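Participant:
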Amino acid sequence: MPRGQLLTSLGGIALLSIALGVGPVPAEEAAVKIGLILPMTGQQASTGKQINAAVQLFVKQHGAQVAGKTVEVILKDDASLPDNTKRLAQELIVNDRVAVIAGFGITPSALSAAPLATQAKIPEVVMAAGTSVITERSPYIVRTSFTLPQSSVIMADWAAKNGIKKVVTIVSDYAPGIDSENSFRGRFVADGGTIVDAIRVPFQNPDFSPFLQRARDDAPDAVFVFVPSGQGGTFVKQFIERGLSNAGIKFICTGDVTDDDQLNGMGDAVIGTISAGPYTAAHPSQENQSFVTAFKQANGGLRPNFMAVGGYDGMHLIYAALEATKGVSNGDALLAAMKGMAWESPRGPISIDPRTRDIVQNIAIRKVEKRDGELYNVEFETFKDVKDPAKAAMAEKN
Ligand code: PHB
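With our numbering, letter number 25 in the sequence shown gets 773, and the count goes up by one each step, no holes.
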């Protein structure tokens, strides 16, 4: 963000706050407002729809009263345009005086709001975006989604152990894609594998065909893929059309690609695909079965995906923090309560690393299978309590 623009936006908050005679965080008010900023329209709209549905479900199940306060969720659509995210975050902080900003469908959106969270001293709960560095951009950011390195490193180990020697990586050409490419390569090469080509495809309206042709010509054992939630259906279709499966090239990916939101529409050709990820609707726990059933009932049969669970857990975090502070909604108090919090999510046990404010969670290797006529990512090996490997590596160095 240009420096002048940032100063203007932060100055705006300060001036308005002075004019209103209040600080940005209303600790003593009866209502606790949560500003939920999501892409409800545009390319990432499926993420907004999933997260909003999960947030609404959480409030329906737990009620709007927490520790004597009434929680009010204010939903805003940023269409996944970071300038919109920043403007909406500013309006929510200054005009609506929200206690928390939450959501953030893509990394650039999460990053654009970071200086505002710092300035206003309120938590920014990242429910979707997955680039490792996000939590380092403000001491007020807490993440309930995932990081791309968490899944990519585990996929690299699996590939190396399962006879895959030469890989072409194909990632979306923006921050989480670069994170995914780098972390996969780092681990796969350390495991003795070779990256024969590293292909980056445009984030906006991608046509994967020419890139898939290039990957086919490279003749690797496998392609490793990250594209953001919502693009997996098109990717898989073009992968098959370009004949990579017929050429014997294996397809491995992060769970973003075999997304539960789209998986059933991908067709039987996707059966057998191996991915690594934090959540599958097929996760065999009581918590998850209840979550999936309730989510489907409330949303006309829509299956929750990994984004939905990030939203559901984000609400759990906010509610539990409010309970811990006995309803005090001051940002520093909420943040202190959030650090180190641990609970059982539909995806399994999770916690917030008190040092990095990032999520610690199990990552599973899954295989697409057909069950009762539907396609699912079925877990077959689970790695417990995975921290973001990018930050864990930094911590070891220091
Ligand atoms: C992101 O922009 O950080 C992002 C979006 C969708 C995903 C993963 C990461 O599936």
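Heads up, the beta-carbon is just placed ideally off N, CA and C, and yes, glycines get one too. It should be emphasised that the depicted structure is a prediction, and the values quoted were computed from it without experimental measurement.
1. Could you tell me whether the Cβ atoms of residue 819 and residue 874 are closer together than 8 Å?
2. Quick check on residue 773: buried or exposed, where buried means 16 or more other Cβ atoms within 10 Å of its Cβ?
3. Express the C-alpha separation of residue 1037 and residue 1060 in angstroms, rounding to a whole number.
4. Any C-beta of chain B sitting closer than 8 Å to the C-beta of residue 1106?
5. Considering only residues of the same chain and omitting the five flanking positions on each side of residue 822, which have a CB-CB separation below 8 Å?
6. According to DSSP, residue 1096 sits in a beta bridge with which residue or residues?
7. Ordered along the chain, which non-local residues of its own chain (more than five positions away) have a Cβ less than 6 Å from that of residue 1075?
8. What are the partner residues of residue 789, as DSSP defines its beta bridges?
9. Go ahead and label residue 1144 buried or exposed: buried means 16 or more other beta carbons lie within 10 angstroms of its beta carbon, across all protein chains shown.
10. Answer yes if the region 937 to 945 comes into contact with the region 1044 to 1061, meaning at least three C-beta pairs across the two stretches below 8 Å, and no otherwise.
11. Taking only the alpha-carbon atoms, compute the straight-line gap between residue 851 and residue 955 and give it to the nearest angstrom.
12. Can you tell me the Cα-Cα spacing of residue 1130 and residue 1044, whole angstroms?
13. Quick one: any contact between the region 909 to 927 and the region 1121 to 1136, if contact means 3 or more CB pairs under 8 Å?
14. Under 7 Å from any heavy atom of the ligand PHB, does the C-beta of residue 860 make it?
15. Hey, would you say residue 895 sits closer than 8 Å to residue 1138, going by beta carbons?
16. If I measure Cβ to Cβ from residue 1101 and keep anything under 7 Å in the same chain, skipping five residues before and after, which residues do I get?
17. In angstroms with no decimal places, state the Cα-to-Cα distance between residue 1110 and residue 1010.
18. Going by alpha carbons, who is nearest to residue 880 out of 980, 1105 and 997?
19. May I ask which residues mark the beginning and end of the beta strand (DSSP E) holding residue 1073?
20. Kindly examine the ligand PHB and report whether one of its heavy atoms sits closer than 7 Å to the Cβ of residue 876.
21. Assign residue 972 to one of three DSSP states: helix, strand, or coil.
22. Alpha carbon to alpha carbon, how far is residue 927 from residue 1039?
Facilitator: The structure says:
1. Cβ atoms of residue 819 and residue 874: not closer than 8 Å.
2. For residue 773, the predicted model reports a pLDDT of 45, less than 50, meaning its position is unreliable and no value from the coordinates is stated.
3. Cα-Cα distance, rounded: 14 Å.
4. Included in the structure is just one protein chain, with no chain B present.
5. 781, 782, 783, 784, 840, 844 and 846
6. 1093
7. 815, 816 and 817
8. Answer is none; residue 789 lacks a bridge partner.
9. exposed
10. Taking 8 Å as the limit for Cβ pairs, the verdict is that the region 937 to 945 does not touch the region 1044 to 1061.
11. 28 Å
12. 26 Å
13. no
14. no
15. With respect to the 8 Å criterion, residue 895 and residue 1138 are classified as neighbours on the basis of their beta carbons.
16. 1108 and 1135
17. 23 Å
18. 1105
19. The continuous stretches of beta strand (DSSP E) do not include residue 1073, and DSSP gives it neither H nor E.
20. yes
21. strand
22. 30 Å
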